[in-house]
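Q: Quick note, the sequences are listed as chains A, F and D, same order. In terms of this note's numbering, the first sequence has 9 at position 9, counting the first letter as 1, and numbering is strictly consecutive. Throughout, this note's numbering is defined as the position within the second sequence, counted from one, plus 246. Throughout, this note's numbering is defined as the position within the third sequence, counted from one, plus 295. Heads up, the beta-carbon is just placed ideally off N, CA and C, and yes, glycines get one too.
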Amino acid sequence: MQRLDLPPSQAHPLAGLFSERSGVSLALVAMLSMGAALYAALLYAPTERIQGDVQRIFYFHVPLAWTSYLAFFVVFVASAAYLVKRAPLMDAVARSSAEVGLLFTTMMLITGSLWARPIWGTWWSWDARLTTTLLLWFIYVGYLMLRSSVDDEEKAARYAAVIGIVGAVDIPIIHQSVVWWRSLHPESVVLASGGPAMPGSMLTALLVSLAAFTILYVVLVLMRTRLELARVDLRALRRRALERVA
Amino acid sequence: MFLFAALTIVWVVIVGYLVVLSGRLSALQRELDALKRQDSWTEDEDAPR
Amino acid sequence: MSRANGRSPFFRTVNTLVWRDLLSEYRSREILGGGIVFALLTLVVFNFAIDLRLESAEEVAPGILWIGFAFAGMLAFGRSFAAERERGTLDGLLLAPIDRGAIYLARAITNAILMCIVELVSLPVFVALYNVRAAWGELLLTTALGTIGFTSAGTLVAAIAANTRAREIMLPVLLLPLTVPVLIASVKATAVALGAQSVEPLPWLQLLLAFDVIMVATSFLVFEYILDE
């Protein structure tokens, strides 16, 4: 039976990426790599001399930070692509990356806090990276709030895309301003990632974890995008059903 | 201790999100399939022979 | 179109729009009045909220000043688009063959002028209330650069927020994170202008300038995507 038109989710060359089959295999890869990261972070990596075992949070905190920013970069690219081509797939990717990005940013901030407390004695320090990430968190929240506060789906996608672009362009400026602002407060302890020279095993553990979280990010975005595309299809079908009744 | 708390939070959040996503995905899929079957049924009726 | 008296049609359009907006604001004066009152109120109320001993006033004062400007600005931006929607004039604009960027630029310039008027009234009051001594050249320059930055982002965000369900909430939620560089740099440079810090103001002013250029350019480019065709 010939369908007269493709559902919106299939009308894009990249749509095949978001099928069930690729999802399942990638999910397996993600599980394996996260398992490897756990092993590397908790058992393989040596215990840090000064900070002790708490330092192992670093193997989650840093990859979470990296993926948080990667996620917003993807929001940026997808938003720009959406404004140019108006493909529902691009909008779905942008929204999904924002959701996953918000999740990862939240975890990054929480792990940062849990790491800071035993080491620095405070739950929060206005450290340049933490502060910039906190602002990124707010930009994510604003992006998602905007999406839910516009009734028209097409308008919501457009407005969100604009914010995605402006936000992404702004983040480097925000970072620079916070760094300069911070440099006037030298009393903060600048905690280098693992110390001045990281032993090879620590670096390996970090890289494993970095790869694992990146794969996890990709898998989560794929799943969320698939969900979003299904919603888009559902809306289109419902609209068609309504038109037929009318 | 703090490392344990951090680990727990990260895993709970990730697994939780996965569970929520899968749940919503399967619910949507079911609704989608139901609508598609309705759709194709009526389309067969109108399809030219 | 011919280039009459050496000005391109684009800038003539912007000019016309700006004068039209300023004129209608002059007749109603609601944005200006509200903005000034709000800014002055903020300066006064913060005095109660933060325990200011007169010696440390100049360290806290710049922050209070810019919070006042930011709130008054957001009020003004929100109101200007709300007024436009009520009057229904935006649809008329869209029907005309005007460059979409011109609409943005005109709106941004209008908002900037209104904000500047609010600031020009507030600054002397501020200097008097908080008993600070100002290097007026630096202070005015900082205020101008900061205003341009805040307004360029604010106009874009206000245009978006005006079409949302909870527009009074969406405007600050979206705008404040984006304008953090403006707030940081303006407060720092103002502190220098008030003699509270003896650091070099130039990097902050350069940051403001960079923000202004980038934000105006980006907003100008993406504004058309906000408008319905």
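(1) With a threshold of 8 Å between beta carbons, is A247 of chain A in contact with chain D?
(2) So I455 of chain D is in the alpha helix (DSSP H); what residue range does that whole segment cover?
(3) E48 of chain A by DSSP, collapsed to three states: which one?
(4) May I ask which residues mark the beginning and end of the alpha helix (DSSP H) holding L42 of chain A?
(5) Could you tell me if K483 of chain D is buried or exposed, where buried requires 16 or more neighbouring beta carbons within 10 angstroms of its beta carbon?
(6) What does V517 of chain D touch in chain A if you count any residue whose Cβ is under 7 Å from its own?
(7) Which parts of the stretch 84–130 of chain A are runs of the beta strand (DSSP E), unbroken and 3 residues or longer, counting only runs that do not cross its ends?
(8) Could you check where the alpha helix (DSSP H) with M510 of chain D kicks off and where it finishes?
(9) Rounding to the nearest angstrom, what Cα-Cα distance links G112 of chain A and L130 of chain A in this structure?
(10) Just verifying my parser: in three-state terms, what is the DSSP assignment at P392 of chain D?
(11) Is the distance from the Cβ of I408 of chain D to the Cβ of L489 of chain D below 8 Å?
(12) Return the CA-CA distance between G121 of chain A and A41 of chain A, expressed in angstroms with no decimal places.
(13) May I have a chain-ordered list of the alpha helix (DSSP H) segments no shorter than 4 residues that lie completely inside the stretch 304–387 of chain D?
(14) Suppose you measure from the CA of L227 of chain A to the CA of V93 of chain A; what does that come to, to the nearest Å?
(15) Taking the alpha helix (DSSP H) that S481 of chain D falls in, what are its first and last residues?
(16) Where do the ends of the alpha helix (DSSP H) carrying L206 of chain A lie?
(17) Any idea what DSSP makes of M247 of chain F, helix, strand or coil?
(18) Comparing the C-beta of D233 of chain A with each C-beta of chain F, is any distance below 8 Å?
(19) Are the beta-carbon atoms belonging to Y159 of chain A and L146 of chain A less than 8 Å from one another?
(20) Apart from the five residues just before and just after I455 of chain D, which ones in its own chain have a Cβ nearer than 8 Å to its Cβ?
(21) Distance check for G328 of chain D and W123 of chain A, CA to CA, integer angstroms please.
A: In short:
(1) As displayed, chain A neither begins before 1 nor continues past 246, which places residue 247 of chain A out of reach and without an answer.
(2) The residue given as residue 455 of chain D occupies position 160 in the third sequence. W431 to A456 is the span of the alpha helix (DSSP H), which, as asked, contains I455 of chain D.
(3) Along the first sequence, read from residue 1 onward, the residue named residue 48 of chain A stands at position 48. DSSP places E48 of chain A in strand when its eight states are reduced to three.
(4) Mapped onto the first sequence, residue 42 of chain A falls at position 42. It is not in any alpha helix (DSSP H) - L42 of chain A carries neither H nor E in the DSSP assignment.
(5) Locating residue 483 of chain D in the third sequence gives position 188, where the first residue counts as 1. Buried, because 16 or more other Cβ atoms sit within 10 Å of the Cβ of K483 of chain D.
(6) Counted from its first residue, the third sequence places residue 517 of chain D at position 222. Using a Cβ-Cβ cut-off of 7 Å, V517 of chain D is close to V162, I165 and V166 of chain A, given in chain order.
(7) none
(8) As a working mapping, residue 510 of chain D is identified with position 215 in the third sequence. M510 of chain D -> alpha helix (DSSP H) spans L497 to V517.
(9) Your numbering for residue 112 of chain A matches position 112 in the first sequence. Your numbering for residue 130 of chain A matches position 130 in the first sequence. Answer to the nearest angstrom: the Cα atoms are 8 Å apart.
(10) Walking along the third sequence from the start, residue 392 of chain D turns up at place 97. It is coil, neither helix nor strand.
(11) To locate residue 408 of chain D, count along the third sequence from 1; it is residue 113. To locate residue 489 of chain D, count along the third sequence from 1; it is residue 194. Against a cut-off of 8 Å, the Cβ pair of L489 of chain D and I408 of chain D comes out as no contact.
(12) By 1-based counting over the first sequence, the position of residue 121 of chain A is 121. By 1-based counting over the first sequence, the position of residue 41 of chain A is 41. For G121 of chain A and A41 of chain A, the distance between alpha carbons rounds to 23 Å.
(13) 304–323, 325–344 and 352–382
(14) What you label residue 227 of chain A is simply residue 227 of the first sequence in a count that begins at 1. What you label residue 93 of chain A is simply residue 93 of the first sequence in a count that begins at 1. The straight-line gap from Cα to Cα measures roughly 10 Å.
(15) The sequence position of residue 481 of chain D within the third sequence is 186, counting from 1. Counting along the chain, the alpha helix (DSSP H) containing S481 of chain D begins and ends at V475 to A488.
(16) As a first step, residue 206 of chain A is located in the first sequence; it is residue number 206 there, counting from the start. It spans G200 to V245 - the alpha helix (DSSP H) in which L206 of chain A sits, taken as one unbroken run.
(17) Locating residue 247 of chain F in the second sequence gives position 1, where the first residue counts as 1. Three-state DSSP puts M247 of chain F in coil, outside helix and strand.
(18) In the first sequence, counting from the first residue as 1, residue 233 of chain A sits at position 233. Cβ-Cβ to chain F under 8 Å: yes for D233 of chain A.
(19) Numbered from its first residue, the first sequence carries residue 159 of chain A at position 159. Numbered from its first residue, the first sequence carries residue 146 of chain A at position 146. A contact, by the Cβ cut-off of 8 Å.
(20) The residue labelled residue 455 of chain D in the question sits at position 160 within the third sequence. Cβ within range, chain order: M465, L469 and I521.
(21) Here residue 123 of chain A refers to the residue found at position 123 of the first sequence. Here residue 328 of chain D refers to the residue found at position 33 of the third sequence. The straight-line gap from Cα to Cα measures roughly 43 Å.
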